[in-house]
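The next block holds one structure in the form of structure tokens; read it before the comments.
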Amino acid sequence: MYARRRRAYFLMMGGCLVLFVSSWAFVRLWSIPAAISMCVIAMVIPPVAAIVANRKGPEDRWWDDPPPAPDPLQRTDKQRTGKENPANPANPAKTAKPANPTGDPESDEWWDELDGKKRRR
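What follows is the structure in structure tokens.
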């Protein structure tokens, strides 16, 4: 699967280089409009080659890909709203917000103020 897509990508990019080089190396000697049209065709090939190289085929097992790892900086429902989400029960010991989650107390105070956790006086 992967080898076929990679081969198609390199063939398309090789064809693109051949069109560019040949258009201005010797085709321009016979016909400038033909050389320009070859360059226009070569200009379209790289995006198409990238699409072909990144396309997943029907034989690819994309459903077996592991889910993305949870973001450790993403806040839980309890941290965001101040109360538990019954649809997402979590261990309170795991979701308890540490004193300085980012390690920078000044930044933490600023974010807490923006989140409305601490009111300015």
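Under our numbering, the first residue of the sequence shown is numbered 1, with each subsequent residue one higher.
We put the beta carbon where it would ideally sit given N, CA and C, even for glycine.
Query	Result
Option in L29, V18, E113 and A25 with minimal Cα separation from M43	V18
W111: first and last residue of the uninterrupted alpha helix (DSSP H) it sits in	P105 to D115
Residue range of the alpha helix (DSSP H) that includes P46	I32 to N54
Simplified DSSP assignment, three categories, for A3	helix
Cβ pair count under 8 Å reaching 3, the stretch 26 to 33 against the stretch 2 to 12	no
Collapsed DSSP secondary structure at G57 in the structure displayed	coil
Residue burial classification, A49 (beta-carbon count within 10 angstroms, cutoff 16)	buried
Same chain, Cβ closer than 7 Å to F20, five either side skipped, listed in chain order	C39 and A42
Inter-residue spacing [alpha-carbon to alpha-carbon] between D115 and A3	49 Å
For W24 and I45, the rounded distance between their alpha carbons	17 Å
Residue from E106, W111, I51 and K117 with nearest C-alpha to R123	Residue numbering for the chain in the displayed model covers 1 to 121; residue 123 lies beyond these limits and cannot be assessed.
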